[in-house]
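In my numbering, the protein residues as written are 2 to 365.
Beta carbons: idealized from backbone N, C-alpha and C, even for Gly.
These numbers were taken from a predicted model, which means no experiment stands behind them.
Structure first, then comments.
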């Protein structure tokens, strides 16, 4: 009788105990300790007072211990997943991500200005009045935002170029919001500019977070050519985000890089002779060259009178027509160090618009 009783006891209680043991093996240390305490409690409940205990009592204890084992599987699985997810995010090496982006720019420097553009445009949708838009949600990944007029061409260039990098690090927690903004600061430095401070921690949002079209600055507003309406438009756009005139001019200095394409914006040509070198040449050329309307069938733009190879938009020329803007154009033309410092501060601010709880992150 005693022998068959203890065989029944082992069959009733050994399986749940072994189940908890197997669960414990895959848990973090603090959860292993919790499961160990549960096992001790089970043993106390499991050991019968005497072989005379009835089969019904044993069955009740078995059902009770089975429920504990089930809790071990279901209730502790979530903390395990959370612990693993947190561990994966901690393992994300942003320096490695930055290195991969820099490699793309090194291979083809013309990609750098486009990366700066996607960082700029994914952040420039911010509206301080309702805290909507900005870089936090990574919404530039959606076709709905890529179709906005100011984002023409980004779907097949910057977004497509960065997609393999996102795929590489997505399981470690890399968000599109962090990827697009990091690509901007990496490209500024890779092309000779300052190491702009950057913070991580943006969480991608659904397509419903895409803001309405029309929040980015236009190349021209009102009559053809640069005029006061263009200055007013720039202020309306940038003041909405919380910038002042100095920051408007500093951010405009990014036009030292890249060029316009007829297949994207409709405009054509580079702003400077060194479109893959980040410097203050945008300001020196803006103030030192004569700019005349370009004779062509495309949208109104200016070209330099000497060579006709450089271009400026009406929103560029208005910077030397408006006295408040001109003050900063002259300052940056005369002092490149001042420009680089002010640009770094303004670009850092731009990329952080609408975000919260970010972590300053070493990436260079």
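Residue closest to residue i, alpha-carbon to alpha-carbon, out of the options
i	options	result
residue 160	113, 202, 210	113
residue 288	261, 318, 152	318
residue 186	256, 219, 200	200
residue 265	153, 181, 338, 343	153
residue 309	281, 270, 284, 354	270
residue 313	254, 162, 172	254
residue 223	195, 171, 316	316
CB-CB length for residue i against residue j, believed under 8 Å
i	j	result
residue 272	residue 311	7 Å
residue 135	residue 356	6 Å
residue 189	residue 197	6 Å
residue 326	residue 246	6 Å
residue 267	residue 307	Contact flag wrong, Cβ pair sits at about 24 Å.
residue 294	residue 338	That pair is no contact at about 34 Å.
residue 214	residue 262	Contact doesn't hold; Cβ gap of about 20 Å is too wide.
residue 138	residue 178	6 Å
residue 192	residue 258	6 Å
residue 284	residue 340	7 Å
Buried or exposed by the 16-neighbour rule on C-beta atoms within 10 Å, applied to residue i
i	result
residue 132	exposed
residue 121	buried
residue 229	exposed
residue 240	exposed
residue 243	exposed
residue 292	buried
residue 221	buried
residue 276	buried
residue 182	buried
residue 146	buried
residue 165	exposed
residue 108	exposed
residue 358	exposed
residue 279	buried
is_contact[residue i, chain C] using C-beta, thresh 9 Å
i	result
residue 152	In summary, chain C is missing from the structure at hand, where a single protein chain is found.
Helix, strand or coil at residue i [DSSP, three-state]
i	result
residue 360	strand
residue 230	helix
residue 195	coil
residue 253	helix
residue 342	helix
residue 188	helix
residue 353	coil
residue 176	coil
Alpha helix (DSSP H) runs wholly inside the stretch 261-331, at least 4 long, in chain order: Within the stretch 261-331, the complete alpha helix (DSSP H) runs of at least 4 residues are 282-289, 315-318.
Complete runs of the alpha helix (DSSP H) confined to the stretch 91-136 [at least 4 residues]: Within the stretch 91-136, complete alpha helix (DSSP H) segments of at least 4 residues are found at 95-108, 112-124, given in chain order.
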